[in-house]
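Remarks on the structure that follows.
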Amino acid sequence: MTVETNKETLGFQTEVKQLLHLMIHSLYSNKEIFLRELISNASDAADKLRFAALKDDSLYEGNSDLHIRLDFDKEANTITLTDNGIGMGREDVIENLGTIARSGTAEFLKQLSGDEQKDSKLIGQFGVGFYSAFIVADKVDVYTRRAGTPVEEGVHWQSAGDGEFTIEQVVREQHGTKIVIHLKPDATEFADGFRLRNLVKKYSDHISFPVIMKSEPTEEGEEVKDETVNDATALWTLPRNEIKDEEYKEFYKHIAHDFEDPLTWSHNKVEGKLDYTSLLYIPARAPFDLYNREAPRGLKLYVQRVFIMDDAEQFLPLYLRFTKGVVDSNDLSLNVSREILQNDSTVDSIRTALTKRSLDMLSKLSKKDADAYQKFWDEFGTVLKEGPAEDFSNREKIAGLLRFATTHTGESTQNVSLDQYIERMKEGQNKIYYITADNFMAAKSSPHLEVFRKKGVEVLILSDRIDEWMMGYLNEYDGKQFQDVARGDLDLGEVETEEDKKHKEEAAEEHKDLLERIKTALSDRVQEVRVTNRLTDSPACLVVGDFDMGAQMKKIMEAAGQPVPDSKPIFEINVEHPLVQRLESEAGEERFSELSAVLLDQATLASGEQLDDPGAYVTRLNRLLLELAN
C-alpha cells in the first residue's frame, strides 16, 4: 500500500522551547519521573477510548482489551511505550506535541527564576506530561493513529527536543500510540527490565490498566512471556486499610500531574441513598492559573469504574477549585454529559457531601498539623476567602478555616484563627474587630487603631484585595458579630467604661459649635462631623457610613470599570488634640476653612485613600509653612 507521507518540519511554539529547556535542566535530578508521566498519559488515552466506545464500540476495532506495553532494547538503547487507547490524528499531534494550548502559559514562564530547584517545583505544577521524555531522551519517535480512522492515516512525529519536529503520514495498523525513546548516553540505566519494573511498581502500580512487560528469565532456557507488572486495580476501589500512604501519594501525582506530595487526602465510600466513592486531595502548591476562574478545574468523574471526564467542576464549589481527586458514582448514567450534570439532583447531593468532606479535611489538617495547614493557607487562602459569598450553608465552617494577621502578632503573616482571636478577647469585649486596607503597613499604622492599642484590644488586619468584599458576607462567628473599626459608630462594648462614654457625650456638647463650623466649611466633602472615641494621638480620621462602600471595594470596582456609588465620609475629630484646639480658637472663617481642609486631607491620606486634588493640599500646606517661617 502506497501512502503520501506529506512529511513536514515544523517549529515548536516558543513556550514549548522555553519549557523544554528549563524542564530538562531543572528536573534532571529526578529523571525517573518521565516514565510515570508517559504511563499516566497512556492510561488517560485508554480511559478516553473506553468512554468514546460506550457510544460506538466499533472504535475498539475488534480489541477491547485495553492495556499499556513497555519494552526496552539494551543494544539500541531505547525504551518503547505502547498503548491501544484513543490515539491521535495529524492535527491532534501538532496541537498536543508541538504547542501548549493553555491560557496563561507565557505568564507562567515569566515566574521561572532560573533557580533550578525552585523552578522544578513550578514546572511540576504546570504539568509537563509528554515533554518529560526529553529529560532522558536525545530523540523521541511517536507513532499514532486515532481509533476509528483508516490505517493509512497514521502519524509519525519525531524530534530531538531542539526547537523543531518532523511529522509525516504513515500506515499504522494498530490504533493508539507508540513512543520510542532513544536514551541519552547518561540514561542507559533505564534500558533495563528490573529498573523499569521497579519504576512501574513505584509510580504506576495504581493505574487501572495493565502495564505489560516481557518476563525476565531467571534460569537459562526459561520461556519469556508477557506479564502484568502493576496491580492494575483502580486505587479508590480498594479498602482504605489496604492502601499505603505512598500509594495514595503516587496516585495523586498521577491524576494531578504534580511532582510534589499532597498535603492531605480523604478517601470515602458512601452506600445507601447514594452510592459513590470519593478520593479527594489538597495539593501542597498552587497551580499557576489558580486565580483564573475560567481555567479547567474539578474532579475526575467515573461512573461504575468507567472514566467519563476530566475536570468535572459540578461536584465542588468554585472556592474549592484547588481540590483534586476522583469521584466514582454508581447512580449516574454512563452517557452523562456536562449539561446533564448541571441539572441532576444526585450530583447536587454528592456536591453537598463532597463540599462538607473537603472542609472537614481542611479542619482536621489545621488541628493535626498547624505547619502543614499554614502552608495550605499561604498557597490557597485567598481562594478560600471566596467561600463565604458563594456558600451560605457552610459560612461558619469556612470562617473557622480563615487565618488573619492581627495587631497582636505585629507581622503580616496570616496565621491567627478566629477561635484563637476569641480566646484572647478582653473581658467585656463582645465583638470581633477588624480593619481593611490596601496593605499590611497601611492598616497597622491606621489612626483607627489608636483606642484599641490603648485598651489592649486585638484587631484583625485584612489587606488582601478580596477582604472587604468577603467581610460583606461574614456577619458573625461563634455568636460574635464582626465590626469594621473604620465604619459607623464604634461600639467597644464593656471595654469602653461609663466614664469614657460620658466624657464623649460631654465633649460633643461642649464643642457643638466647633462641629457645626467644620461641617459648614467642609459641607461639600463630608456627610457628618462628630467627636471621636477612636483616636488618642491623631487629630482626625475618616469613617465610612454603615451602608456606604469602603475604599477597598471602590478601588476594585473602579479597576473593573464599574460605576461607583457617590458617598461622603464621616469626619471624626479628636477635640483634645492641640491642632483641633488651635483650629477651634481661629476666628477668621477663611483661615478656619483652610485649616479644616488640611485636617481633612491629612485624615484622607492616613486612611490610605488618594486626594481628589493633591495640588490644592500642597498649596494650603505651603501657605501654612510660610506663615510659620515668618
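Residue 663 is where the sequence shown ends in this note's numbering, and the numbering goes up by one at each step.
Built from N, CA and C at the ideal position, the CB exists for glycine as well.
With the cut-off set at 9 Å, would you say Lys-389 and Lys-430 are in Cβ contact? yes
Limits of the alpha helix (DSSP H) - the one that Pro-536 falls within: Here residue 536 turns out to be His, not Pro, going by the sequence shown. It spans 531-543 - the alpha helix (DSSP H) in which His-536 sits, taken as one unbroken run.
Looking at the C-beta of His-544, does it have a partner C-beta in chain C at a distance below 9 Å? Judged by its chain identifiers, the structure shown contains no chain C, having just a single protein chain.
Cβ neighbours of Ser-76 in the same chain (closer than 6 Å, five flanking residues each side left out): Here the set comprises Ile-240, Phe-242.
Once DSSP output is grouped into helix, strand and coil, what is the label at His-481? helix
Output the distance between the C-alpha atoms of Glu-256 and Leu-307, rounded to the nearest integer angstrom. So the two alpha carbons sit approximately 49 Å from each other.
Have a look at Pro-611 and Pro-572 and give me their C-alpha separation to the nearest angstrom. 8 Å
Based on DSSP bridge pairs, tell me the residues matched to His-300. Leu-312
How big is the Cα-Cα spacing for Tyr-236 and Leu-268? 13 Å
Arg-230 and Val-262 look like a contact to me (Cβ under 8 Å); what is the Cβ gap, rounded to whole Å? About 5 Å separates the two Cβ atoms, so the contact holds.
Contacts around Ala-180, its chain only, beta-carbon distance under 6 Å, and the 5 residues preceding and following it disregarded: Leu-82, Leu-92, Ile-119, Gly-120, His-208
Going residue by residue through the stretch 43-113, where are the continuous alpha helix (DSSP H) segments of at least 4 residues, counting only ones entirely within it? The stretch 43-113 contains, as complete alpha helix (DSSP H) runs of 4+ residues, the segments 47-59, 66-85 (chain order).
Starting from Ser-390, trace the alpha helix (DSSP H) in both directions and tell me its first and last residue. Reading the sequence as shown, one finds Arg at residue 390 and not Ser. That run of the alpha helix (DSSP H) goes 378-401.
For Ser-73, collect the residues of the same chain with a Cβ closer than 6 Å to its Cβ; drop the 5 residues on either side in sequence, then sort them by chain order. His-287
If you measure between the beta carbons of Ile-315 and Phe-223, is that distance less than 9 Å? no
With C-beta atoms as the reference, is Ile-214 less than 9 Å away from Val-244? no
According to DSSP, Asp-517 sits in a beta bridge with which residue or residues? By DSSP's assignment, Asp-517 forms a beta bridge with Tyr-467.
Check for me: the beta strand (DSSP E) holding Lys-172 runs from which residue to which? 170-178
Buried versus exposed, by CB contacts within 10 Å (16 or more), Leu-52: buried
DSSP beta-bridge partners for Trp-269? Bridge partners of Trp-269: none, in fact.
Using the C-alpha atoms, what's the distance from Asp-80 back to Val-203? 25 Å
At least 3 beta-carbon pairs within less than 8 Å: the stretch 583-591 vs the stretch 468-487: yes
Does the separation of the CB atoms of Arg-354 and Arg-326 fall below 9 Å? yes
Start and end residues, alpha helix (DSSP H) containing Ile-373: According to the DSSP assignment, Ile-373 belongs to the alpha helix (DSSP H) that extends over 371-374.
Contiguous alpha helix (DSSP H) assignments of at least 4 residues, all confined to the stretch 399-441: 403-417, 420-423, 428-434
Would you report the Cα separation of Asp-522 and Phe-625, rounded to the nearest angstrom? Between Asp-522 and Phe-625, the C-alpha separation is close to 27 Å.
How about Ser-450 and Ser-496: are their beta carbons less than 9 Å apart? no
What is the residue span of the alpha helix (DSSP H) that Arg-230 lies within? 226-237
Tell me, to the nearest whole angstrom, how far the beta carbon of Gly-433 is from that of Ser-396; I am working on the premise that it is less than 8 Å. 7 Å
Quick check on Ile-606: buried or exposed, where buried means 16 or more other Cβ atoms within 10 Å of its Cβ? buried
DSSP puts Ile-603 in a beta bridge; with which residues? Glu-561, Val-576
Quick one: is Lys-40 buried, meaning 16 or more other Cβ sit within 10 Å of its Cβ, or exposed? exposed
Any idea what DSSP makes of Phe-292, helix, strand or coil? coil
Cross-strand partners of Lys-333 (DSSP beta bridge): Val-359
Buried or exposed for Ala-620, going by 16 or more other Cβ atoms inside 10 Å? With fewer than 16 other beta carbons inside 10 angstroms of its own, Ala-620 counts as exposed.
Would you kindly work out how many angstroms separate the C-alpha atoms of Leu-114 and Asn-63, rounded to a whole number? 20 Å
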